[in-house]
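Report on one structure; see the data block that follows.
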Amino acid sequence: MTHYDVVVLGAGPGGYVAAIRAAQLGLNTGIIEPKYWGGVCLNVGCIPSKALLRNAELAHIFTKEAKAFGISGEATFDYGAAFDRSRKVAEGRVAGVHFLMKKNKITEIHGYGRFTDSNTLSVDLNDGGTEQVTFDNCIIATGSSTRLVPGTSLSANVVTYEEQILSRELPESIVIAGAGAIGMEFGYVLKNYGVDVTIVEFLPRALPNEDAEVSKEIEKQFKKLGVRILTGTKVESISDDGSAVTVTVSKDGKSEELKAAKVLQAIGFAPNVEGYGLDRAGVALTDRKAIGIGDYMQTNVSHIYAIGDVTGKLQLAHVAEAQGVVAAETIAGAETLALGDYRMMPRATFCQPNVASFGLTEEQARDEGHDVVVAKFPFTANAKAHGVGDPSGFVKLIADARHGELLGGHLVGHDVSELLPELTLAQKWDLTATELARNVHTHPTMSEALQECFHGLTGHMINF
Numbered sequence: 003m004t005h006y007d008v009v010v011l012g013a014g015p016g017g018y019v020a021a022i023r024a025a026q027l028g029l030n031t032g033i034i035e036p037k038y039w040g041g042v043c044l045n046v047g048c049i050p051s052k053a054l055l056r057n058a059e060l061a062h063i064f065t066k067e068a069k070a071f072g073i074s075g076e077a078t079f080d081y082g083a084a085f086d087r088s089r090k091v092a093e094g095r096v097a098g099v100h101f102l103m104k105k106n107k108i109t110e111i112h113g114y115g116r117f118t119d120s121n122t123l124s125v126d127l128n129d130g131g132t133e134q135v136t137f138d139n140c141i142i143a144t145g146s147s148t149r150l151v152p153g154t155s156l157s158a159n160v161v162t163y164e165e166q167i168l169s170r171e172l173p174e175s176i177v178i179a180g181a182g183a184i185g186m187e188f189g190y191v192l193k194n195y196g197v198d199v200t201i202v203e204f205l206p207r208a209l210p211n212e213d214a215e216v217s218k219e220i221e222k223q224f225k226k227l228g229v230r231i232l233t234g235t236k237v238e239s240i241s242d243d244g245s246a247v248t249v250t251v252s253k254d255g256k257s258e259e260l261k262a263a264k265v266l267q268a269i270g271f272a273p274n275v276e277g278y279g280l281d282r283a284g285v286a287l288t289d290r291k292a293i294g295i296g297d298y299m300q301t302n303v304s305h306i307y308a309i310g311d312v313t314g315k316l317q318l319a320h321v322a323e324a325q326g327v328v329a330a331e332t333i334a335g336a337e338t339l340a341l342g343d344y345r346m347m348p349r350a351t352f353c354q355p356n357v358a359s360f361g362l363t364e365e366q367a368r369d370e371g372h373d374v375v376v377a378k379f380p381f382t383a384n385a386k387a388h389g390v391g392d393p394s395g396f397v398k399l400i401a402d403a404r405h406g407e408l409l410g411g412h413l414v415g416h417d418v419s420e421l422l423p424e425l426t427l428a429q430k431w432d433l434t435a436t437e438l439a440r441n442v443h444t445h446p447t448m449s450e451a452l453q454e455c456f457h458g459l460t461g462h463m464i465n466f
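3 is the number of the first residue of the sequence shown in the working numbering; add one for each residue after it.
What follows is the structure, given as structure tokens:
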């Protein structure tokens, strides 16, 4: 039996970051993980998907934009090579996690951990046997799993993101259930490699959590790409006969059968709370079957903390990382800072054009009673966007009309995910539109669209 000051249960983005911060603060730290060091993100999610998205973007340029860029001749696109590159990128990042564990003298425990009481974990080791681990503090970072369309199941041709991203082969056609970030990103990749793509979304628009104008723009761009998006449409059933899949959908009382070689289920995620002995540790769940936490990541058991997707707060890797830092610093008694309103966290979808946002949509801001001012600047008026060859999209900012502080930002355009930190920093430290407009932005850059919107919020946009 080994005792630690802190044990982290799960080595995803939140877990491994929490372990590093705890070790940096002088705590004897162990971390338990059965499979994916670096989590879904590094292994089968965020990181390999970005490699595939880059390949898909290049394929798009060489096929759809070749004339504009003066490209001629025949080009072939080997998805197998793109897949291999994505795995190499992922494996390199995972190796980096192991390096950081060693560098920070964190003990890696390879196995599946379960609470036996509020101070003990029993670990079924990957190489056989069990190990008992005791701790003064524990950080739960067990992540989440794919939710399936009710009444359906997985099969050889009905898969989740995990099976799809680990497949070196492409289907001729695919139906994607869910037009959230994962569905849209896979749709972009697969369509640019010649797959016939249909995306089905139950809610009225693609990327339904984004501002309505952003959804409208990305739907327009995907239509140009050749992706069929069915919004306000319910998946009634999915039937896999072994050679093809039939998806029965309905809208406004009318049914339609969609046939495809494959179906990707991408409707969302559920916190991983089963099978960890949380009841034996006394850890309470919320009504939504997530682990309840306070501002500093503490559960109802004072020395047990939870971070990341399992908390159900905002299921994004960078949010988990930030929560992990707060949890470790709280345990160590170090100075820390609560994350505040999770709605103000940055969010992004990495198809091209990117979608990026934080804070309230215009509709949400008005519904909450804010007196708002809105500024919107199109990338058709941005020189860098034309130089890049993609002037689609816009920046839309929402501010409090009285005080000038940002309430939300909604962007769609080429690589606009890179523009978010300036906006979230400004919001966090209560900078006003007037103050932000005086920050000089490099020319020519996409970031000048932010400056134009800052000017617009104060009533005098310059270049539009």
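Glycine included, each C-beta is placed from N, C-alpha and C at the ideal position.
Fill in: First through last residue of the beta strand (DSSP E) which encompasses Leu44
No beta strand (DSSP E) contains Leu44, which is instead part of the alpha helix (DSSP H) from Gly41 to Val46.
Worksheet item: Can you tell which of Pro210, Asn441 and Phe79 has its C-alpha closest to the C-alpha of His202?
Response: The question names His, but residue 202 is Val in the sequence shown. Nearest of Pro210, Asn441 and Phe79 to Val202, Cα basis: Pro210.
Worksheet item: Is the segment 155-163 close to the segment 267-276, with three or more CB pairs under 8 Å?
Response: yes
Fill in: Given 8 Å, three or more beta-carbon pairs between the segment 172-189 and the segment 273-292
no
Worksheet item: Should Val10 be labelled buried (16 or more other beta-carbon atoms within 10 Å of its own) or exposed?
Response: buried
Worksheet item: Beta-carbon separation of Ala61 and Tyr195 under 8 Å?
Response: yes
Discussion item. Using the three-state DSSP reduction, which class does Arg440 fall into: helix, strand or coil?
Written reply: coil
Practice prompt. Leaving out five residues on either side along the sequence, give the residues of the same chain with a beta carbon under 8 Å from the beta carbon of Lys477.
Written response: It is not possible to answer for residue 477, since the shown part of the chain is limited to 3 through 466.
Discussion item. Based on DSSP bridge pairs, tell me the residues matched to Ile293.
Written reply: Leu287
Worksheet item: Roughly how many whole angstroms lie between the Cα atoms of Gly131 and Glu450?
Response: 59 Å
Item to complete: Within its chain, find whatever has a CB closer than 7 Å to the CB of Arg23; leave out the 5 residues flanking it on each side and keep chain order.
Response: Gly326, Val327, Ala330 and Glu331
Fill in: Contacts around Arg89, its chain only, beta-carbon distance under 8 Å, and the 5 residues preceding and following it disregarded
Pro50
Worksheet entry | Residue span of the beta strand (DSSP E) that contains Val229, given as start and end | Val229 -> no beta strand (DSSP E), and no H or E assigned at all.
Worksheet item: Would Leu408 pass as a contact of Gly461 if the rule is Cβ separation under 8 Å?
Response: no
Worksheet item: Are the segment 347-364 and the segment 398-412 touching by the rule of at least three beta carbon pairs closer than 8 Å?
Response: yes
Item to complete: Look up Gly74 in the DSSP assignment and give the residues it is bridged to.
Response: Per the sequence shown, residue 74 should be read as Ser rather than Gly. Note: Ser74 sits in no beta bridge, so no partner.
Fill in: Local Cβ density within 10 Å of Asn441, reported as buried at 16 or more and exposed below that
exposed
Worksheet item: Which one or two residues does DSSP pair with Ala272 in a beta bridge?
Response: Ser147
Discussion item. Give the list of continuous alpha helix (DSSP H) stretches no shorter than 4 residues that lie fully inside the segment 185-218.
Written reply: none
Discussion item. Can you tell me whether Thr444 is buried or exposed? The criterion is at least 16 other CB atoms within 10 Å of its CB, across all chains shown.
Written reply: exposed
Discussion item. Among Leu123, Gly12, Val375 and Gly391, whose alpha-carbon lies nearest the alpha-carbon of Met3?
Written reply: Leu123
Discussion item. Please list the terminal residues of the continuous beta strand (DSSP E) segment that includes Leu341.
Written reply: Element bounds for Leu341: n/a, residue is neither H nor E.
Fill in: Completely contained alpha helix (DSSP H) runs for the segment 369-419, where each covers 4 or more residues
385-390
Practice prompt. Return the first residue and the last residue of the beta strand (DSSP E) that Asp242 is part of.
Written response: Lys236 to Asp242
Fill in: CB-CB length for His457 against Ala439, believed under 8 Å
5 Å
Fill in: For Asp129, three-class secondary structure by DSSP
coil
Worksheet item: Relative to the C-alpha of Gly180, which residue among Asn159, Leu172, Ser74 and Arg149 is closest?
Response: Arg149
Worksheet item: How is the alpha helix (DSSP H) around Leu425 delimited, first residue to last?
Response: Leu422 to Lys430
Practice prompt. Compute the Euclidean distance between the alpha carbons of Ile167 and Thr250, then round it to the nearest angstrom.
Written response: 25 Å
Discussion item. Mapping the DSSP letters down to three states, classify Ala181 as helix, strand or coil.
Written reply: coil
Item to complete: Could you pull out every residue in the same chain whose Cβ sits closer than 7 Å to the Cβ of Ser157, ignoring the five residues on either side in sequence?
Response: Asp242
Practice prompt. Put Asn57 into one of helix, strand or coil per three-state DSSP.
Written response: helix
Fill in: Beta bridge counterpart(s) of Gly12 as assigned by DSSP
Gly12 pairs with nothing; no bridge assigned.
Worksheet entry | Whole-angstrom C-beta distance between Ala334 and Met463, which should lie under 8 Å | With a Cβ gap of about 47 Å, Met463 and Ala334 do not count as contacting.
Item to complete: Quick one: measure Cβ to Cβ for Tyr6 and Val99, integer angstroms, because I've assumed they're closer than 8 Å.
Response: Contact doesn't hold; Cβ gap of about 19 Å is too wide.
Discussion item. Going by DSSP in three states, Phe360 sits in which element: helix, strand or coil?
Written reply: strand
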